[in-house]
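The structure appears below as structure tokens.
There are 2 protein chains.
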Amino acid sequence: MESVIPYRSDMKATFQPIRSPRISEEVIAQIKSAILSGQYQPGDKLPSERELIEQFGVGRGVIREALRALEATGFVTMRQGPNGGAFLKELNFNHLTGGFVDLYLAGKLTIPELNQVRKLVEPEVARLAAARVNDAYREQLRQALAGERGQFCDGDDRMQGMTRVHFILAEMCGNYLLHAIVNAMIKLTHEIVATVEPQEHYALHGAGEHDAVAEAVIAGQPQRAAEAMRAHLDQFCQKLLNMDRRYRGQATG
Amino acid sequence: MESVIPYRSDMKATFQPIRSPRISEEVIAQIKSAILSGQYQPGDKLPSERELIEQFGVGRGVIREALRALEATGFVTMRQGPNGGAFLKELNFNHLTGGFVDLYLAGKLTIPELNQVRKLVEPEVARLAAARVNDAYREQLRQALAGERGQFCDGDDRMQGMTRVHFILAEMCGNYLLHAIVNAMIKLTHEIVATVEPQEHYALHGAGEHDAVAEAVIAGQPQRAAEAMRAHLDQFCQKLLNMDRRYRGQATG
DNA sequence: AACTATTTGTTCGTATGTATG
DNA sequence: GCATACATACGAACAAATAGT
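In order, the protein sequences belong to chains A and B.
Positions 3 to 255 (our numbering) are the ones given, in order, by the first sequence.
Positions 3 to 255 (our numbering) are the ones given, in order, by the second sequence.
Below is the structure:
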């Protein structure tokens, strides 16, 4: 290696605002830092508002706004009462995956985009699930299949049954990131399906829809599971897209 | 189809809490609903606190806590002053992808999990990018490659250069969901790399690291691009894992 | 430069709601 | 029922930022 030039005058510095003019941001940052550094464990109680007011030396409004923001971003929950207060949540991806639904509702996502990601990710998830299957998961899958056949009702219960297998496989795959991604995709699909009339659900998702996938996973056959998932998604994604087009067609003309 | 039983007496209803005992939750829900239903466009100003107090018939603290929560979840930004107020943000995935970093810092994600997802997703992203390349993107990629070679400095600037190509490809792929996922993965990688000393960055990421990938994309060769990305990630992910192990080994003994 | 007006940022006193003992 | 400890809520006041005059 020849010469290392440590500085170039045309290098653009990325200026950051020194400090937020807002005290609550500072409070949020300090509490968040304390949480992420492991000072608090899930279930632990943060100091009460009164104590926080004293320790930070700020007004009550600042503390309350900070705690609200931390609650909205999934870090704490708050309860009233003598044993109440702000409690640390077990951090998970639920508030994140819900955000993708908001993006869809705001028109930033399309169904083909969703389908493309599902087809890319979920066959691999099924493959991993098949490689890690055990008896407890086999039982969960069998119950989910039975649920798909048994739920003759419409509405939310049926939708729950439609997506149950996908949720189980996402958890089975043993990768929390994949779990989160699939969770977001399924929630999105759920949201899209929820916009149409319940009688459409039968056309969209017949009983036994997931039999091939689940059976391959239960049998512990990764390759077969991946292919079955791909086949299932090829069909389902097309149906979902057609259904949406019919509905938009009705609405717009 | 034989008979459809619309009701079973043992069907469990999913009861929902009638109302949150918290007024601010109600305010949040109504404002969010107004936003997602398209009543407000990005850049629009929400009513001032004073107006919201009147319209909702609640105290100022409630309004402020609601606005803080909406700010924390990426819906609005707030400014002080005569032309200030709460303004609707262009909804995007930044606050979501940042959440994955928090999950990592909280110890819910491991590097092998991250690597697995990157190897699954990013070759496909490179493939899609190569199929959609145009001159504007070609120029961006060339500048990114030049940046990788030109940045002999350490620290943040170098890290920016290391990830630039990945960000561009994510944007190029034409799928906002994939864009978001890759964004999250790169931010995570960025966070992991940031924990080690800058001199390690050279070992982790040499100049020309992305040449093969970028050239295939610029040439508009999807298959080659995907394979180049896979090869790049195979190497990089292994180096990242080794580096992390070295550092944890130092720390723990 | 000085002043005014508007809007968010912050504090405090007080009162209410909620759940435990 | 009562006392306690906590969050929740209201209202009034002042501070700070920033536009226009």
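Just so you know, even glycine gets a beta-carbon here, dropped at the ideal spot from N, CA and C.
Since the model is a prediction, treat every value here as computed from it, not as a measurement.
- G222 of chain A and A132 of chain A do touch by the CB rule: their CB atoms are close to 6 Å apart, below 8 Å.
- Taking C-beta separations shorter than 6 Å and ignoring five residues to either side along the sequence, the partners of H168 of chain B in its chain run I188, following chain order.
- Taking CB atoms only, D236 of chain B has no neighbour in chain A less than 8 Å away.
- DSSP, reduced to helix, strand and coil, places K121 of chain A within a helical segment of the structure shown.
- Counting of Cβ neighbours within 10 angstroms places N177 of chain B among the buried residues, the total reaching 16 or more.
- Of B:M231, B:T112, B:R151 and B:E53, the smallest CA-CA separation from E193 of chain B is found for B:T112.
- Every unbroken stretch of the beta strand (DSSP E) spanning 3 or more residues and falling wholly within the region 72-112 of chain A is given here in chain order: 78-81 and 87-90.
- DSSP places V135 of chain B outside any alpha helix (DSSP H), giving it a letter other than H or E.
- Counting along the chain, the unbroken alpha helix (DSSP H) around T191 of chain B starts and ends at Y178 to A196.
- At the C-beta level, K110 of chain A and L93 of chain B come within 8 Å of one another.
- For Q118 of chain A, the closest Cβ of chain B is nearer than 8 Å.
- For the pair R120 of chain A and L235 of chain A, the CB atoms are nearer than the 8 Å cut-off.
- When the Cα atoms are used, M245 of chain A and M231 of chain A turn out to be separated by approximately 20 Å.
- Chain order gives the chain A residues near I183 of chain B as V119 and I183, where near means a beta carbon separation below 8 Å.
- For N177 of chain A, the nearest beta carbon of chain B is closer than 8 Å to its own beta carbon.
- Not a single CB atom of chain B sits nearer than 8 Å to the CB of E199 of chain A.
- Going by DSSP, D213 of chain B is part of the alpha helix (DSSP H) stretching over D213 to I220.
- Under DSSP, K47 of chain A shares a beta bridge with A:F89.
- With a threshold of 16 other beta carbon atoms within 10 Å, P125 of chain A meets it and is buried.
- E27 of chain A: member of the alpha helix (DSSP H) spanning I25 to L38, first to last residue.
- For G83 of chain B, no Cβ of chain A is located within less than 8 Å of the residue's own Cβ.
- If you ignore the 5 residues before and after V123 of chain B, its C-beta comes within less than 8 Å of the C-beta of L180, I183, V184 and M187, all in its own chain and listed in chain order.
- Exclusion of the five residues before and after F95 of chain A leaves A182 and N185 as the residues of its chain whose Cβ lies within less than 7 Å of its Cβ.
- Assignment of Y204 of chain A by DSSP, reduced to helix, strand and coil, places it in the helix class.
- Residue environment for G76 of chain A: buried (at least 16 other C-beta atoms within 10 angstroms of its C-beta).
- Taking C-alpha positions only, R52 of chain A is separated from L54 of chain B by approximately 28 Å.
- Within chain A, the residues V119, L122, V123 and I183 have their CB atoms less than 9 Å from the CB of V123 of chain B, given in chain order.
- Residue burial annotation: G101 of chain A is buried, with at least 16 other C-beta atoms found within 10 angstroms of its C-beta.
- For K110 of chain A, a Cβ of chain B is located within less than 8 Å of the residue's own Cβ.
- Three or more beta-carbon pairs separated by less than 8 Å link the region 62-70 of chain A to the region 55-75 of chain B, which places the two stretches in contact.
- Between M164 of chain B and H207 of chain B, the gap from beta carbon to beta carbon is short of 8 Å.
- Within its own chain, the residues whose Cβ lies closer than 6 Å to the Cβ of V60 of chain A, once the five positions on either side in sequence are excluded, are I25, listed in chain order.
- Residues of chain A with a Cβ closer than 7 Å to the Cβ of E115 of chain B are, in chain order, N177, Y178 and L179.
- Residue environment: R160 of chain B is assigned as buried (16 or more neighbouring CB atoms within 10 Å of its CB, all protein chains considered).
- Residue contact check for T165 of chain A against chain B: no CB pair falls below 8 Å.
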